[in-house]
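Protein chains: 4
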Amino acid sequence: MVLNMEKHKRQAILGKAREWIGANGFSEFTMSKLAKFCGIAKGTLYNYFDNKEDLMVKVVEDRVAEIHHEVEEILGGSQEPEGKLRSMIRQGLAFYRDNLDLLMLYANEVKIADCKFPSSATAHGRFLREHLEWFMNRFEQLLSDMGVKRERRLLAYFFHETMKNLMSFNMLSGRELDIDRDADLLYSFYFHGVEAFQ
Amino acid sequence: MVLNMEKHKRQAILGKAREWIGANGFSEFTMSKLAKFCGIAKGTLYNYFDNKEDLMVKVVEDRVAEIHHEVEEILGGSQEPEGKLRSMIRQGLAFYRDNLDLLMLYANEVKIADCKFPSSATAHGRFLREHLEWFMNRFEQLLSDMGVKRERRLLAYFFHETMKNLMSFNMLSGRELDIDRDADLLYSFYFHGVEAFQ
Amino acid sequence: MVLNMEKHKRQAILGKAREWIGANGFSEFTMSKLAKFCGIAKGTLYNYFDNKEDLMVKVVEDRVAEIHHEVEEILGGSQEPEGKLRSMIRQGLAFYRDNLDLLMLYANEVKIADCKFPSSATAHGRFLREHLEWFMNRFEQLLSDMGVKRERRLLAYFFHETMKNLMSFNMLSGRELDIDRDADLLYSFYFHGVEAFQ
Amino acid sequence: MVLNMEKHKRQAILGKAREWIGANGFSEFTMSKLAKFCGIAKGTLYNYFDNKEDLMVKVVEDRVAEIHHEVEEILGGSQEPEGKLRSMIRQGLAFYRDNLDLLMLYANEVKIADCKFPSSATAHGRFLREHLEWFMNRFEQLLSDMGVKRERRLLAYFFHETMKNLMSFNMLSGRELDIDRDADLLYSFYFHGVEAFQ
DNA sequence: CATGAATGAGTATTCATTCAT
DNA sequence: CATGAATGAATACTCATTCAT
Numbered sequence: 005m006v007l008n009m010e011k012h013k014r015q016a017i018l019g020k021a022r023e024w025i026g027a028n029g030f031s032e033f034t035m036s037k038l039a040k041f042c043g044i045a046k047g048t049l050y051n052y053f054d055n056k057e058d059l060m061v062k063v064v065e066d067r068v069a070e071i072h073h074e075v076e077e078i079l080g081g082s083q084e085p086e087g088k089l090r091s092m093i094r095q096g097l098a099f100y101r102d103n104l105d106l107l108m109l110y111a112n113e114v115k116i117a118d119c120k121f122p123s124s125a126t127a128h129g130r131f132l133r134e135h136l137e138w139f140m141n142r143f144e145q146l147l148s149d150m151g152v153k154r155e156r157r158l159l160a161y162f163f164h165e166t167m168k169n170l171m172s173f174n175m176l177s178g179r180e181l182d183i184d185r186d187a188d189l190l191y192s193f194y195f196h197g198v199e200a201f202q
Numbered sequence: 005m006v007l008n009m010e011k012h013k014r015q016a017i018l019g020k021a022r023e024w025i026g027a028n029g030f031s032e033f034t035m036s037k038l039a040k041f042c043g044i045a046k047g048t049l050y051n052y053f054d055n056k057e058d059l060m061v062k063v064v065e066d067r068v069a070e071i072h073h074e075v076e077e078i079l080g081g082s083q084e085p086e087g088k089l090r091s092m093i094r095q096g097l098a099f100y101r102d103n104l105d106l107l108m109l110y111a112n113e114v115k116i117a118d119c120k121f122p123s124s125a126t127a128h129g130r131f132l133r134e135h136l137e138w139f140m141n142r143f144e145q146l147l148s149d150m151g152v153k154r155e156r157r158l159l160a161y162f163f164h165e166t167m168k169n170l171m172s173f174n175m176l177s178g179r180e181l182d183i184d185r186d187a188d189l190l191y192s193f194y195f196h197g198v199e200a201f202q
Numbered sequence: 005m006v007l008n009m010e011k012h013k014r015q016a017i018l019g020k021a022r023e024w025i026g027a028n029g030f031s032e033f034t035m036s037k038l039a040k041f042c043g044i045a046k047g048t049l050y051n052y053f054d055n056k057e058d059l060m061v062k063v064v065e066d067r068v069a070e071i072h073h074e075v076e077e078i079l080g081g082s083q084e085p086e087g088k089l090r091s092m093i094r095q096g097l098a099f100y101r102d103n104l105d106l107l108m109l110y111a112n113e114v115k116i117a118d119c120k121f122p123s124s125a126t127a128h129g130r131f132l133r134e135h136l137e138w139f140m141n142r143f144e145q146l147l148s149d150m151g152v153k154r155e156r157r158l159l160a161y162f163f164h165e166t167m168k169n170l171m172s173f174n175m176l177s178g179r180e181l182d183i184d185r186d187a188d189l190l191y192s193f194y195f196h197g198v199e200a201f202q
Numbered sequence: 005m006v007l008n009m010e011k012h013k014r015q016a017i018l019g020k021a022r023e024w025i026g027a028n029g030f031s032e033f034t035m036s037k038l039a040k041f042c043g044i045a046k047g048t049l050y051n052y053f054d055n056k057e058d059l060m061v062k063v064v065e066d067r068v069a070e071i072h073h074e075v076e077e078i079l080g081g082s083q084e085p086e087g088k089l090r091s092m093i094r095q096g097l098a099f100y101r102d103n104l105d106l107l108m109l110y111a112n113e114v115k116i117a118d119c120k121f122p123s124s125a126t127a128h129g130r131f132l133r134e135h136l137e138w139f140m141n142r143f144e145q146l147l148s149d150m151g152v153k154r155e156r157r158l159l160a161y162f163f164h165e166t167m168k169n170l171m172s173f174n175m176l177s178g179r180e181l182d183i184d185r186d187a188d189l190l191y192s193f194y195f196h197g198v199e200a201f202q
């Protein structure tokens, strides 16, 4: 019961946190603001989360679990490889559309610096890198199925980043996301390169 | 002479700043830490730079000028379009190899958040975005020369990002940069897509 | 209740601030010193006041409201003009006796400089000047009732200042305030000038 | 020779300091700004003055000497007392017109607080208070000559302050100083009080 | 003497975290 | 469990003063 209630409240807080970050950006995020936004006391947050880092990990955690699940469904399904690739793209675009803050998190927190000096890495940054690792491992298999012979890991990474790049491009240039059009574009670019646009 | 000394010290501080940022990431960067890292007093920094923002812009400024110059040389040269593309890749890789901290700056400071919340944008972030704008404008011409009919702006952005992606990938996975090999890889991926690796 | 406690502490801090300023003057006043003087942490001050300016305005605000009220009562009453003038003097002296720090605030913060350089004016300085304005407007009426034909505004200002001058004189020369005696003195000087002392 | 040069430069710096303070107000005054305004190095200032306090005393010193001299001339002259009083007023108004910064200095630095806590007093504040003391002593004699029987010291103080009050009033209300008119006004007020304006 | 780079203590302010209620 | 007042270390920045050249 209590645990249940606890879980509920925890989830409610996380939802609010996402909402806030999505609306106001990441660097302005503070515990006070979150508490006020949730309509609870600052101290209460610390009953549910060890600290800000912990909360930030949890903010990401379940949505990353969600991706894991969706990716598993697509890659473990019975479509042709190309169909899977297209599905991956559509799912990725839809996901980032609904979780724009994660895009920012990725941009800001999956830091190269953390690789050189892991001690200074943030917990949520580490978490995101672990997910990236998992994703690349998983995606390499698809590339293998598609007959890709070399550099599968790099290409897996490119896939992950290129999708974010498209979202970033849209944001930076004020272009609207159109999943049908943009999924096609991405597929063409990723599979055939610039050549496809000649 | 004195001016020379001033310039020297200014450059020395900027060098140290780059070193620090390269090693520890951007968001942890403070004036106190830099002062200590330089072995000078906090106040001294303010004899050379108006404020933190100013210093951070200066950290980027001259090297961006350097890129501008090199890019102009390649794109304004007499090579075939494909030759130019290859040269751009080699130049870009070499540049990032020598200026690894700029990679982080880009990752951390060309923020999507700043497009949604421009008020919170930093001066050096704006500076980098302006450079990006310039680069894309310039690169679109090459794509046009290569006969690319559609989505040239997006593809220009992809070029810029893909190069950084390769560098990031190397860092994240501990892979060594090999300009010959990696330039070929990038050319293949960018021009022909994943297909080229089948 | 809680609000009550809050208000209490807020008032306690303001009281301490007045005490400190009364004892040490205004230009030396800092948030650190106040915090230490209150025996609380620096950050705590910011739980009660937005910033130093805000605190300094609040230091003055309620007591100025008090003067407003008392002045209205006297000037709006049914005494003869001369009676009103005498009452004003007694009230003013009593007020400054009980709020010596305000004397310093006036001396230091209703700055002539702020008129020449309004950009550098402080919020509490502006506040005090607005009160002065109000007072002069109000007092001009009394002078009119007394049959004063010319220079009423200047004379209103002289009234305000002369009262402060007496207080300052007492402080500077170690003379004790004696309201009966000093009210008479002021009345004589203000109404009849030096002549009255011949 | 050298001493002469030294004295010359010292005076030049003091002149510049007055000019700066008169133009920009007192609270913004810093050694760096003065050095730049003089076109010399910061360190040079310290060859001529022990510290900022010392410089600020010297800024006042000679002009106060000037007043001393003028006051002596008037009070020691052969005019009738009333003539002397009128001369004092005209001389005072002219002096403050030409040395507006001293008005600010008086307002800000002859602090009541310094009487209660002399340890925190500034050197130039002390200097100004000493001058005030001298002035009051000197002026009391005139009042005596005019047949003033009581409260001569207080009235001397009032004289000093009232003159400043008129200047302040002009500044605060944007009124222009007109020495003929304002000297008459002051004489009437000081000698006959408000009564004279009925 | 003149210089001006270097200093460091000091200023206002923020914010993650704790703890008595 | 919930609260929110209190904390204090940290941040960017200033400026009177010193001292090697």
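Residue numbers (the numbering used here), protein chains in the order written: chain U, 5 to 202; chain R, 5 to 202; chain B, 5 to 202; chain P, 5 to 202.
Backbone N, C-alpha and C fix where the C-beta goes; we use that ideal spot for every residue, glycine too.
This one's a predicted model, so the numbers in the text were calculated from it and none came from an experiment.
Counting only unbroken stretches of 4 or more residues, the alpha helix (DSSP H) elements lying wholly within the stretch 125-179 of chain P are 127-149, 156-177, in sequence order. By the criterion of at least three beta-carbon pairs nearer than 8 Å, the stretch 10-20 of chain B is in contact with the stretch 40-56 of chain B. Within chain B, the residues Phe201 have their CB atoms less than 7 Å from the CB of arginine 154 (chain P), given in chain order. The beta carbon of tyrosine 100 (chain R) sits closer than 8 Å to those of Leu106, Leu107, Met167, Lys168, Met171, all from its chain and outside the five residues before and after it, given in chain order.
If you draw a straight line from the Cα of isoleucine 71 (chain U) to the Cα of threonine 126 (chain R), it comes to about 32 Å. Ranked by how close their Cα comes to the Cα of glutamate 165 (chain R), the residues R:His128, R:Gly96, R:Phe131 have R:Gly96 in first place. Distances from the CA of glutamate 76 (chain P) to each of P:Lys56, P:Trp24, P:Glu144, P:Tyr50 were compared; the closest alpha carbon is that of P:Glu144.
Glutamate 165 (chain B) belongs to the set of residues whose beta carbon lies under 8 Å from a beta carbon in chain P. Closer than 8 Å to the CB of asparagine 51 (chain P) there is not a single CB belonging to chain B. Taking the C-beta atoms as reference points, valine 64 (chain B) is found nearer than 8 Å to phenylalanine 131 (chain B). Per the C-alpha coordinates, the member of U:Ala98, U:Ser177, U:Phe173, U:Lys13 positioned closest to aspartate 184 (chain U) is U:Ala98.
The contact set of valine 198 (chain P) on chain B, defined by CB atoms closer than 9 Å, consists of Leu89, Leu147, Met150, Val152, Leu159, Phe162, Phe163, Tyr194, Phe195, His196, Gly197 in chain order.
Secondary structure at serine 91 (chain P): helix, using DSSP grouped into helix, strand and coil.
Ranked by how close their Cα comes to the Cα of asparagine 103 (chain U), the residues U:Leu89, U:Val68, U:Pro85, U:Ile78 have U:Val68 in first place. Between the alpha carbons of glutamate 84 (chain R) and lysine 56 (chain U) lies a gap of roughly 54 Å.
If you check the CB distance, glycine 197 (chain U) and histidine 196 (chain R) come in under 8 Å.
In its chain, beyond the 5 residues on either side, Pro85 have a beta carbon closer than 6 Å to the beta carbon of aspartate 149 (chain B). Secondary structure note for serine 192 (chain P): its alpha helix (DSSP H) is the uninterrupted segment 183-196. Remark: C-beta atoms of methionine 35 (chain B) and histidine 128 (chain B) do not approach each other more closely than 8 Å.
For phenylalanine 33 (chain U), there are no C-beta contacts with chain R under 9 Å, since the nearest C-beta of that chain is about 11 Å from it. Taking C-beta separations shorter than 8 Å and ignoring five residues to either side along the sequence, the partners of leucine 89 (chain R) in its chain run Leu146, Met150, Tyr191, Tyr194, Phe195, following chain order. In the three-state DSSP reduction, serine 36 (chain R) falls in the helix class (H, G or I). Of the candidates U:Lys11, U:Gly47, U:Leu176, the residue whose Cα lies closest to the Cα of leucine 158 (chain R) is U:Leu176.
For glutamine 202 (chain R), the closest alpha carbon among the candidates U:Lys153, U:Asp186, U:Phe162, U:Tyr161 is that of U:Lys153.
Under the Cβ distance rule, leucine 189 (chain B) counts among the residues neighbouring chain P, one pair being separated by less than 8 Å. Counting along the chain, alanine 200 (chain P) sits inside no alpha helix (DSSP H), nor does DSSP assign it H or E at all. Taking C-beta atoms as the reference points, arginine 156 (chain P) and leucine 79 (chain P) fail to come closer than 8 Å. Linking glycine 47 (chain U) to aspartate 54 (chain U) through their CA atoms gives a straight-line distance of about 11 Å. Contact annotation: arginine 14 (chain R) and tyrosine 50 (chain R) have beta-carbon atoms that are not nearer than 8 Å. The residues Arg90, Ile93, Arg94, Leu97, in chain order, have a CB closer than 7 Å to that of alanine 187 (chain U) in the same chain once the five nearest residues on each side in sequence are set aside. For the options R:Ala200, R:Trp24, R:His73, the alpha carbon positioned closest to that of histidine 135 (chain R) is the one of R:His73.
Below the 7 Å Cβ cutoff, chain U contributes Leu158, Tyr161 as neighbours of phenylalanine 173 (chain R), in chain order. When rounded, the separation of the alpha-carbon atoms in alanine 39 (chain B) and phenylalanine 33 (chain B) is 11 Å.
Excluding its 5 nearest sequence neighbours in each direction, glycine 26 (chain R) has C-beta neighbours in its own chain below 6 Å: Leu104, Asp105, listed in chain order. Of the residues assessed, glycine 87 (chain R) falls on the exposed side of the cut-off, its CB having fewer than 16 other CB atoms within 10 angstroms.
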